[in-house]
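For any residue, its number in my numbering is found by taking its place in the sequence shown, counting from 1, and adding 5.
Built from N, CA and C at the ideal position, the CB exists for glycine as well.
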Amino acid sequence: MWKRDESVKPTSPQKSAGPETSQSVKGSGEKVIMDLGNSMVIKGELSASEDLTLSGQMEGSVKLPDHQLTIAPRADIRAEIAAKAIVIHGAVTGNVTAGERVEIQETGSVTGDIVAPRLVITDGGCLQGKVKMPQGRPGRTAADDRRQAHAQR
6 MWKRDESVKP TSPQKSAGPE TSQSVKGSGE KVIMDLGNSM VIKGELSASE
56 DLTLSGQMEG SVKLPDHQLT IAPRADIRAE IAAKAIVIHG AVTGNVTAGE
106 RVEIQETGSV TGDIVAPRLV ITDGGCLQGK VKMPQGRPGR TAADDRRQAH
156 AQR
């Protein structure tokens, strides 16, 4: 395993050049974003407790229940995806499930079904599949929604 030589410190802070560089911002509200690069090929299951950007190829499944997943523009992802929020700039083949939202950007495409309470497709984005948008708001149950609908009749 490679370990960075801590005796050599960078002279200037690292600047983010887009979705293909990893970014680490530390302070009182520490935020870490992991970037898996263009040449990365993953087969299997990927789960994490931090925001991720996938730039390479992935086959299998991705689970980030409390974090955001970003699919970079040149990424080719063939996986079942479940995350809090998903932003797609590249190609995804497989079902996508989000707790909050799915965004398909102008260079993004999804071939598969989407389940999310919010869906944004930017002009140029592509979707081939079904969309299911749960009507319930966070903290509410389906029974609460049925009672409210019945009361309105």
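S44 counts as exposed, since fewer than 16 other C-beta atoms from the protein chains shown sit within 10 angstroms of its C-beta. C-alpha of G42 to C-alpha of Q140: approximately 36 Å in a straight line. Beta-carbon to beta-carbon, E111 and P122 are separated by about 22 Å, too far to satisfy the 8 Å threshold.
For D81, the pairing in a beta bridge is given by DSSP as Q62, A96. Assignment of K135 by DSSP, reduced to helix, strand and coil, places it in the coil class.
Residue range 101–109 is occupied by the beta strand (DSSP E) that includes E108.
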